[in-house]
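Undergrad: Numbering (the numbering used here), first residue to last: 142 to 313.
Ideal Cβ placement from N, Cα and C applies to all residues, glycine included.
On a predicted model such as this, the values are computed, not experimentally measured, just so you know.
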DNA sequence: AAAGTGATCATG
DNA sequence: ATGATCACTTTG
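#1: Closer than 6 Å by C-beta to residue 185: which residues in its own chain qualify, once you throw out the five before and the five after it? Chain order, please.
#2: Relative to the C-alpha of residue 198, which residue among 174, 218, 236 is closest?
#3: What does the alpha-carbon distance come out to for the pair residue 316 and residue 234?
#4: Less than 7 Å between C-beta atoms, sequence neighbours within five positions excluded: which residues of the same chain meet that for residue 218?
#5: What does residue 253 pair with, by DSSP beta-bridge criteria?
#6: Can we say the segment 167-176 touches the segment 292-302, given the rule of at least three CB pairs closer than 8 Å?
#7: Can you give me the C-alpha to C-alpha distance between residue 259 and residue 148, rounded to a whole angstrom?
#8: Applying the criterion that 16 or more other CB atoms from any shown protein chain within 10 Å of the CB defines a buried residue, is residue 202 buried or exposed?
#9: What separation, rounded to the nearest whole angstrom, lies between the Cα atoms of residue 177 and residue 255?
#10: Looking at residue 229: is its Cβ nearer than 7 Å to the Cβ of residue 181?
#11: With 16 other CB atoms within 10 Å as the buried threshold, where does residue 183 fall?
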């Protein structure tokens, strides 16, 4: 049996929530068809001090969602084509989030949002209350490896080299 | 290696 | 208003 994540779990810092989300189910209701896909890869973006984080230049209309209390979705469009899904984490007022970079069957953040019909209309969606998009835990025990984040060449070298990408290992 | 695509944000 | 930039994917 799988249970929806408790809203308190999203209050973890993104650095801890990112590995914790590996193996959890990303759930999406599309016209009463419910799709559940296990999360296989995440990255964390952590505060205004993280030069790879969208909020490192401060709050703007786009990044406002990042500043909310953990537990809602931050969705934006990248390269004009791809919607990116992030899980906002931590306390209100501190901008941090976990990018869902891959799920079972779909490698790549743009692919999974396309498969699940996730777009900006879901920006700000509350994972604890939503009947369209939420997360579930079925007790899956996972191990993972870390790596450098991708696609952030513009960031400070100090931030580029952080091992803030988390990848689910095949077996346990 | 580079195109393709469009929202976003800092300029003026 | 315009122009640069971008947590990507696909094609060659």
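TA: In terms of the structure at hand:
#1: Here residue 185 refers to the residue found at position 44 of the first chain. These residues qualify, in order along the chain: 155, 156, 159, 239, 305.
#2: What you label residue 198 is simply residue 57 of the first chain in a count that begins at 1. Considering only alpha carbons, the answer is 236.
#3: Missing from the structure shown is residue 316; the chain here goes from 142 to 313 and no further.
#4: As a first step, residue 218 is located in the first chain; it is residue number 77 there, counting from the start. Once the five neighbours on either side are set aside, the close Cβ partners of residue 218 are 224, 261.
#5: Reading the first chain from its first residue, position 112 is the one you call residue 253. BP columns for residue 253 are empty, so no partner.
#6: no
#7: For this step, residue 259 is matched to residue 118 along the first chain. For this step, residue 148 is matched to residue 7 along the first chain. The alpha-carbon atoms of residue 259 and residue 148 are separated by roughly 21 Å.
#8: Your numbering for residue 202 matches position 61 in the first chain. Residue 202 is exposed by the Cβ-count criterion.
#9: For the purposes of this step, residue 177 is taken as residue 36 along the first chain, with counting starting at 1. For the purposes of this step, residue 255 is taken as residue 114 along the first chain, with counting starting at 1. Rounded to whole angstroms, residue 177 to residue 255 spans 14 Å at the Cα level.
#10: The sequence position of residue 229 within the first chain is 88, counting from 1. The sequence position of residue 181 within the first chain is 40, counting from 1. Against a cut-off of 7 Å, the Cβ pair of residue 181 and residue 229 comes out as no contact.
#11: If you number the first chain from 1, residue 183 lands on position 42. Answer is buried; the Cβ neighbour count reaches 16.
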